[in-house]
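Undergrad: The following block contains the structure, expressed as structure tokens.
Residue numbers (the working numbering): 44 to 261.
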């Protein structure tokens, strides 16, 4: 009986993982309007199994996004805590590294899944669907606020409003660049860079943007 139970548990775990990986890929490729029928057809399972493991499409989507976003936010917060526990205030470059490197590590996930995760992460960050936005805000809000406070200390001549604007612009530029969404434009422009060189170039660009003189407030 125990052997049968273990075998059943293994089968259930494999089925659950198949559903997750299939949903992950289809959400990345087709968007979050992908239906449960699309997912079950591709995964070769019935809808009852999706409901058994996840309860609904909304809960499946939440699980897929949570699996990639929450670990990144956790790592970002841990890196910030380490920086702020030092003897001197974090520099702007250190803050950029602390925030961006965990994202870069995620987007460099080995093998084919890396492309899927990159596109999924980018899609989640720019999706305007209320359901998705509420989920994302719930996961990232506290981390972003902590970083904004750190950026304010590193950039005392900028208003909080301008720091928020530059912070969100940094995030958008980095996500689009690192996710591979600009691959057609990049390959037309010359050599294809390795990820580390690409990151260093992006960081130089972002540092210049943050350190530019303040603009006139609204």
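Ideal Cβ placement from N, Cα and C applies to all residues, glycine included.
Between the alpha carbons of residue 217 and residue 57, how many angstroms are there, rounded?
TA: Answer to the nearest angstrom: the Cα atoms are 34 angstroms apart.
Undergrad: Once you ignore the five residues that flank residue 105 on each side, which residues in its own chain have a CB closer than 8 angstroms to its CB?
TA: The answer, listed in chain order, is 178.
Undergrad: Between residue 145 and residue 197, is the Cβ-Cβ spacing less than 8 angstroms?
TA: It is not a contact, given that the beta carbons lie outside the stated cut-off.
Undergrad: Cutting at 6 angstroms between CB atoms, please list the residues of its own chain near residue 137, excluding the five before and the five after it.
TA: Answer for residue 137: 126, listed in chain order.
Undergrad: Taking the straight line between their C-alpha atoms, what separation do you get for residue 243 and residue 143?
TA: If you take the alpha carbons of residue 243 and residue 143, they lie about 11 angstroms apart.
Undergrad: Out of 249, 240 and 200, point me to the one whose CA is closest to residue 262's CA.
TA: Any property of residue 262 remains undetermined from this structure, which presents the chain solely from 44 to 261.
Undergrad: What's the call for residue 221, buried or exposed, on a 16-neighbour Cβ count within 10 Å?
TA: Classification of residue 221: buried, given that the 10 Å Cβ count is 16 or more.
Undergrad: Beta-carbon within less than 8 angstroms of residue 183's beta-carbon, same chain only, minus the 5 sequence neighbours each way: which residues are those?
TA: Here the set comprises 112 and 116.
Undergrad: Apply the 10 Å Cβ neighbour rule to residue 51 and answer buried if 16 or more other Cβ atoms are within range, or exposed otherwise.
TA: The predicted model places residue 51 with a pLDDT of 49, which falls under 50 and marks its position as unreliable; any figure quoted below should be read in that light. The residue in question, residue 51, is exposed, as its Cβ has fewer than 16 Cβ neighbours within 10 Å.
Undergrad: Let's test the definition: count the other Cβ atoms within 10 Å of the Cβ of residue 193 and tell me whether it reaches 16, buried, or not, exposed.
TA: Under this definition residue 193 is a buried residue.
Undergrad: Pick helix, strand or coil for residue 58, following the three-state DSSP scheme.
TA: Looking at residue 58 - three-state DSSP - the assignment turns out to be helix.
Undergrad: How many Å lie between residue 214 and residue 246 at the Cα?
TA: So the two alpha carbons sit approximately 11 angstroms from each other.
Undergrad: By the DSSP assignment, the alpha helix (DSSP H) with residue 212 in it spans what residues?
TA: Run containing residue 212: 203-221, per the alpha helix (DSSP H) assignment.
Undergrad: State the DSSP-derived secondary structure class of residue 44, mapped to helix, strand or coil.
TA: Confidence is the limiting factor: at residue 44 the pLDDT is only 46, short of 50, which leaves the residue's position unreliable, though a coordinate-based value still follows. Three-state result, residue 44: coil.
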